[in-house]
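Here the structure is laid out as C-alpha cells; the discussion comes afterwards.
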Amino acid sequence: MTELPAEISIPDFLAALPEGAGRLNETMGVELREISAQRVVGTMPVEGNTQPYGMLHGGASVVLAETLGSVGSGLHAYPLGKIALGVDINATHHRPAFPGTVVTGTATAVHLGRTSAVYEVVITDEAGKRVCTSRITCALIDPPA
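First residue of the sequence shown: 199, per the numbering used here; consecutive thereafter.
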C-alpha cells in the first residue's frame, strides 16, 4: 500500500491511487472537493449523466454516492492497515436535476468502526435542494496479497 499522511490533500490522494483507478469517475465528471474520513464532498455535472427523459440518471447519483462514501471509508481504513470494499448502498431520489447544472454530494460518516464504515450521502442541486439521499456501508478488509 502507498503511504498516506494523516492529513492528505486531494492531489496527493489521487496520486496515491493505483494506475487506472477512477476511470468511471473521470467518465462521469466526478470531482473531489474535500476529503477526510469524517466528510467527503464532490461534484458531478448532470450533462452526460442523464436518463432517456433528459434528467439526472438515478444510477449516476448512486455512482457519486458510492465514490464519496468509498473515499471516506478508504481514508478511515488506511491507518488500520485495511482497505474499504462497498457491500451495501441504497438511494432515495427526491427530485430531478437537469443538464446545465452540477450536483454536489456530501458524505458524512455515521459509523467508523474496525470492520465497517457507514456514510450518509446527501446530493443537492445548485439551489441547495435535495436531489438524492443515499447510505453506503463498506467492509474494512485486509488488502489482497
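For each residue, glycine too, the CB sits at the ideal point set by N, CA and C.
Quick one: give me the first and last residue of the beta strand (DSSP E) that residue i is part of.
i, result
"V269", "Premise fails: V269 lies in the alpha helix (DSSP H), G256 to A275, not in any beta strand (DSSP E)."
"E229", "E229 to I233"
"P209", "Element bounds for P209: not the beta strand (DSSP E) but the alpha helix (DSSP H), I208 to A214."
"H309", "V300 to L310"
"D286", "I281 to H291"
"G240", "R237 to P243"
"Y169", "Lying outside 199 to 343, the shown extent of the chain, residue 169 is not represented and no answer is given."
"A337", "R328 to I339"
In or out: residue i buried (at least 16 other Cβ within 10 Å) or exposed?
i, result
"T265", "buried"
"T200", "Its pLDDT being 49, under 50, T200 is placed unreliably in this model, and the value from its coordinates should be taken loosely. T200 comes out exposed."
"S207", "exposed"
"G326", "exposed"
"G222", "Looking at the sequence provided, one finds Leu at residue 222 rather than Gly. L222 should be labelled exposed."
"S268", "buried"
"G311", "exposed"
"A263", "buried"
"G257", "exposed"
Going by beta carbon distance, what residues of the same chain come within less than 6 Å of residue i, once the five residues before and after it are set aside?
i, result
"E245", "P297"
"P243", "G227 and V300"
Over what stretch of residues does the alpha helix (DSSP H) that includes residue i continue unbroken?
i, result
"T225", "R221 to M226"
Output needed for residue i: all residues of its chain with C-beta closer than 8 Å, excluding positions within five of it in sequence on either side, in chain order.
i, result
"R237", "G270, T304, A305, T306 and A307"
Which same chain residues end up closer than 7 Å to residue i when comparing Cβ atoms and leaving out the 5 residues on each side of it in sequence?
i, result
"T142", "For the chain, the structure presents residues 199 to 343; residue 142 sits outside this window and is missing."
"N288", "S332 and R333"
"A282", "S268, S271, G272, A275, A315, C336 and L338"
Would the segment 274 to 284 and the segment 320 to 330 be scored as touching if the rule is three or more Cβ pairs under 8 Å? Output reads no: the segment 320 to 330 does not touch the segment 274 to 284.
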